[in-house]
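All remarks here apply to the structure that follows.
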Amino acid sequence: MKREAELLLAAICAHPDDDVPRLIYADHWEENGESAYAAFIRQQIASSRLPPWHRTNILTRWHFHGREHTSPFRRHLPDLTGTPAVWGKNPWRRGLAGCLSLPSLAMWEEVEARLWQRAPIEELRLGAAWTYDQLRRWAASPLLAGVRSLILDCNPIDPLRAIRTTSQANRLRSLRFLRSSGAGLTVALEEFLQSPIGRQITELHFHVGDPAYVPYLLDVLALAPPLQALTLDNVGLQFHHLRQLLSLPALQTVESLDLSRNPLGSAAMSVLLAHWPPSLQVLKLERIASGVSPMEGTRQSDEIPNSPVSRPLALLDISQNTFLTMDFLAFLQHSLLEKLQSLRMRHCFRVLDAVPLWRFRFWAQLVELDLRDNVEDTVSPLCRRQCLPPASLAALVLTGAHLSARRCRQLRRKFRGSLILT
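Numbering (our numbering), first residue to last: 491 to 912.
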C-alpha cells in the first residue's frame, strides 16, 4: 500500500495542475479504509473550482473554521522534524500538502529530499534567515517547478533577483510582499516584471509599506502585466492616488482588489465607482474611513456615476469602518452591488442602525454575512420584525462571546442553521 501511494504522489507532483491523479489518489485511500481522508481530498478539489463566495465554499469554510491545524489528516503530511521548514495551520492545497513555510534555508537540501515527489508544493513562504549561496541553491531547486505563489517575509530584493534568473519558477503566478518598503524594492520589482517570469505574474500583494514610496510603487505597477488580483494593504495609499491607480492598464483585468488599512476616506467610494475595473468581483476596503478626502460626505447616491461593468460585485469587505457619512450608504445602494453574495462588516459599531441591510437590493440573495467582533447592541437590529432572513443565507457569522444567552436564542430561532457563533 505504501509503495502504491508513493507512486501516485509522484504522478501528482509530475502533473500538479491535473486533478485526475489526485482523484485516483483519493480512490486509493478509500479502498484502503480511509474514506474520510478520501472525501476530504475530493471536497478540496471541488472547492478549488468554485469562487470563495460560492455557497458550497462558505458552508465548508465555516464548518471547518479553526480546525485546520487539528485535522486528523495531518499525519499524511511529509515529516519535516529536525529541519527549519514547517507546515502552517492550513497546509492543504487541493487535498494534499501544498503550503510550506521556510523561516530559514539552512538544511534546504534535506527539506528538498523529504518533499521531492511526495508533496506538490504550490505555495512557499520564505523567511529572512538565509545566505546568498543558500538562496541561489533554493532558487535552482526543481521543487520550485510546481510553485504558483511565493510569499516573501524578508527583504525581497535578493529573492526577486534569484527567482528572476532561475529556470524553475515557470508556474509562478502570485507574489506577496509582507514587507513593502525600501528604495531598492521598486528597482528590483521593475527588473523582475520585465523578465519572462515576471511577465506571467497575475497577482501582486503588498503589505505594510512606507507612504513615501507610494508614488514609486504606482510607477512600477504601470509596468505590470494584466493582473487578476492586487493588494495594497497598509502601504500609505491616499485619496489623491486613487485615480492614478485605477487608471493603470494592469487593473483593467483585475478581479480582486484589496485597499485595506489605507487612509483613503469614505469619499473614496465615489472615485472607485467612477473608475470601476470592469472585471472586479472582490473588493476589500477594511478600515479606510480614517482618512480625509475632498468634499467627504457631500455626494448623494444619485450623483454617483454609473460605470460600465461586465460583472457585478460578489464579495465586499468594509470591516472596521464608520458609517457616519452618506458615501458608504450610497455605495451600498449602487446597482453594482445588486447581486452581492458575501458581505463582511466586522467591528463596525452600530452599523445596522445606520445601514439597515434588509432594505438593500442585495439582501434577498446574500449567502454570507460576517458580523464578527460586533457587540450585542450592534447586531440587535437583526431581531427586528422588518428584518426577514434571506432564503439564500448560508452563514450569519457572529462572535458568541459578545452576545447574551437570550440574544443568542432569539437569533437562533430567527436564522436557524445559518447562524454561526465563533
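By construction, the Cβ of each residue, glycine as well, lies at the ideal position given by its N, Cα and C atoms.
Given residue i, which residues of its chain have a CB within under 7 Å of its CB, disregarding the five upstream and five downstream residues?
i       : result
Leu-679 : Leu-650, Val-710
Leu-847 : Trp-853
Glu-793 : Unreliable positioning characterises Glu-793 in this predicted model, as indicated by a pLDDT of 44, which lies under 50. A coordinate reading is not provided.
Arg-875 : none
What are the partner residues of residue i, as DSSP defines its beta bridges?
i       : result
Ala-587 : Trp-582
Phe-667 : Leu-642, Phe-696
Thr-868 : Partner(s): none; Thr-868 has no beta bridge.
Lys-492 : Note: Lys-492 sits in no beta bridge, so no partner.
Asp-807 : Lys-774, Arg-834
Thr-721 : His-695, Asp-748
Leu-888 : Leu-911
Leu-842 : DSSP lists no partner for Leu-842.
Trp-577 : Leu-590
Leu-616 : Leu-592, Leu-642
Glu-858 : Ser-832, Ala-885
Around the Cβ of residue i, are there at least 16 other Cβ atoms within 10 angstroms (buried) or fewer (exposed)?
i       : result
Arg-583 : buried
Val-576 : exposed
Ile-514 : exposed
Pro-646 : buried
Pro-880 : buried
Glu-612 : buried
Ser-919 : Absent from the structure is residue 919, since the part of the chain shown begins at 491 and ends at 912.
Phe-530 : buried
Gly-907 : exposed
Ser-538 : exposed
Cys-589 : buried
Thr-571 : exposed
Asp-843 : exposed
Thr-621 : exposed
Arg-608 : buried
His-566 : buried
Val-841 : buried
Leu-727 : buried
Asp-723 : buried
Ala-884 : buried
Asp-508 : exposed
Ser-657 : exposed
Ala-702 : exposed
Glu-496 : exposed
Phe-554 : exposed
Leu-540 : exposed
Thr-655 : exposed
Ser-746 : buried
Gly-585 : buried
Cys-873 : exposed
Ala-603 : exposed
Cys-644 : buried
With a threshold of 6 Å on Cβ separation, who are the neighbours of residue i within its own chain once the five nearest residues in sequence on each side are excluded?
i       : result
Ala-501 : Pro-511
Lys-774 : Asp-748, Ser-750, Asp-807
Phe-667 : Leu-642, Pro-646, Phe-696
Gln-855 : Ser-882
Thr-788 : Legend: pLDDT at Thr-788 = 45, less than 50; position of this residue unreliable, value from coordinates given subsequently. Closer than 6 Å at the Cβ level, and outside the excluded window around Thr-788, lies no residue.
Under the assumption that residue i contacts residue j (Cβ atoms under 8 Å), give the Cβ distance between them as a whole number of angstroms.
i       : j       : result
Arg-490 : Arg-661 : Here the chain comprises residues numbered 491 to 912, so residue 490 is not present and cannot be evaluated.
Leu-805 : Trp-543 : 5 Å
Ala-712 : Leu-732 : That belief does not hold up - the Cβ atoms of Ala-712 and Leu-732 are roughly 15 Å apart, past 8 Å.
Asp-860 : Met-835 : 7 Å
Ile-548 : Val-857 : 6 Å
Val-725 : Gly-699 : 3 Å
Pro-767 : Leu-741 : 5 Å
Select from the options the residue whose C-alpha is nearest the C-alpha of residue i.
i       : options                            : result
Leu-717 : Thr-743, Ser-894, Pro-705, His-695 : Thr-743
Trp-552 : Val-887, Arg-896, Arg-689          : Val-887
Lys-492 : Arg-777, His-518, Cys-503          : His-518
His-892 : Arg-654, Asp-863, Asp-508          : Asp-863
Pro-753 : Ala-629, Leu-901, Asn-811          : Asn-811
Leu-592 : Glu-600, Leu-586, Gly-585          : Glu-600
Ser-832 : Arg-663, Leu-736, Thr-546          : Thr-546
Ser-685 : Ala-673, Ala-659, Leu-707          : Ala-659
Arg-663 : Arg-669, Ser-671, Ser-670, Ile-653 : Ile-653
Leu-878 : Lys-904, Arg-899, Leu-665          : Lys-904
Arg-669 : Ala-764, Arg-615, Phe-839, Pro-632 : Arg-615
Pro-574 : Ala-536, Arg-532, Ala-619, Ile-535 : Ala-619
Leu-763 : Phe-813, Ala-719, Gln-823          : Gln-823
Val-772 : Thr-721, Ile-778, Phe-839          : Thr-721
His-730 : Glu-776, Ala-516, Val-761          : Val-761
Gln-534 : Glu-520, Ser-525, Thr-550          : Thr-550
Once the 5 residues before and after residue i are set aside, which same chain residues still bring their CB inside 8 Å of it?
i       : result
Gln-790 : In this predicted model, Gln-790 has a pLDDT of only 41, less than 50, meaning its place in the structure is not dependable; the value taken from the coordinates is given anyway. Contacts found: Met-816, Ala-820.
Glu-786 : Low confidence applies to Glu-786: its pLDDT is 46, below 50, so where it sits in the model is not reliable enough to give any reading.
Phe-839 : Thr-812, Asn-864, Val-865, Thr-868
Give a single yes or no on whether residue i has its beta carbon closer than 8 Å to a heavy atom of the ligand PLP.
i       : result
Cys-873 : What this structure holds is no ligand at all, so the ligand PLP is not there to describe.
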